[in-house]
Structures are given as structure tokens and as C-alpha cells.
Amino acid sequence: MTVANPLTSALQQIQSMASEAAGDPAASAAQAGGAYAGSFGAALKASLDKVSNDQVAAEGEAKAFEVGAPNVSLNDVMIDGQKAGIGFQFALQVRNKLVSAYNDIMQMQV
Numbered sequence: 358m359t360v361a362n363p364l365t366s367a368l369q370q371i372q373s374m375a376s377e378a379a380g381d382p383a384a385s386a387a388q389a390g391g392a393y394a395g396s397f398g399a400a401l402k403a404s405l406d407k408v409s410n411d412q413v414a415a416e417g418e419a420k421a422f423e424v425g426a427p428n429v430s431l432n433d434v435m436i437d438g439q440k441a442g443i444g445f446q447f448a449l450q451v452r453n454k455l456v457s458a459y460n461d462i463m464q465m466q467v
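Okay, structure coming up:
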């Protein structure tokens, strides 16, 4: 199971947004290595879906190990659980930064 590094993914999204802001959506899609997402909301939703899928996969693998599936090792269960946990912590920190930025903007005087 190969999982992209969350920091690399975030960096690619930032580069994609910078290219998009410059007015070149095709270049931003090429830099991100995927299809053109269209908006920050779509990129955020895709990231949250990936975190959710990682958690579901880790939980499924843990349950398979509990019932004694022969092709599931404890090492794989622990590693996938940690990957899901790290992904969740990353998403939580992004959420905290977004809420903080929103509060800062709301407190600005116009």
C-alpha cells in the first residue's frame, strides 16, 4: 500500500493554487499530478475523503487481524493505524489553522 506523504501533497496543492491564481489552470493540474480540482473546497474535500478512507481501511484491517485472517500481519495493522492517525492529526491541524485564519479575518476592522 503506497500512501503519498501529506506534506508533499499539501505542497503540491499550494503550488497548484499559486499557478491557478496566476491564471493557468492547466499548469496547476500538471504540477499537482492529477486532474484540475477547480477550487479549494474540492481539494479540501478530496483530502478529507482520503483521510476517511485511510481510517476505514485501517479499521477493516484491524478487524481482519482480530478474526485471524491469515494474510494480515500485526505489523501491517499497526503501520496502517499509525498512518491513519497521522493523517487525521494533519487534517486536524489544517482545520485549526483555517479556523484561526477565519477568526483573524473576522476581527479585522474594515
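Taken in order, the sequence shown gives residues 358 to 467; the numbers are from this note's numbering.
Glycine residues also receive a C-beta, built at the ideal position from the N, C-alpha and C atoms.
These figures come from a predicted structure and were not determined experimentally.
Query: Residue environment, residue 466, which counts as buried when at least 16 other CB atoms sit within 10 Å; Result: exposed
Query: Meets three-Cβ-pair contact criterion under 8 angstroms: the segment 403-416 and the segment 437-444; Result: yes
Query: Residue burial classification, residue 464 (beta-carbon count within 10 angstroms, cutoff 16); Result: exposed
Query: Extent of the continuous alpha helix (DSSP H) run through residue 408; Result: 397-423
Query: Nearest-angstrom Cα separation, counted from residue 408 out to residue 422; Result: 21 angstroms
Query: Three-pair Cβ contact test at 8 angstroms for the segment 363-378 versus the segment 394-404; Result: yes
Query: Residue 450, enclosing alpha helix (DSSP H) - first and last residue; Result: 431-464
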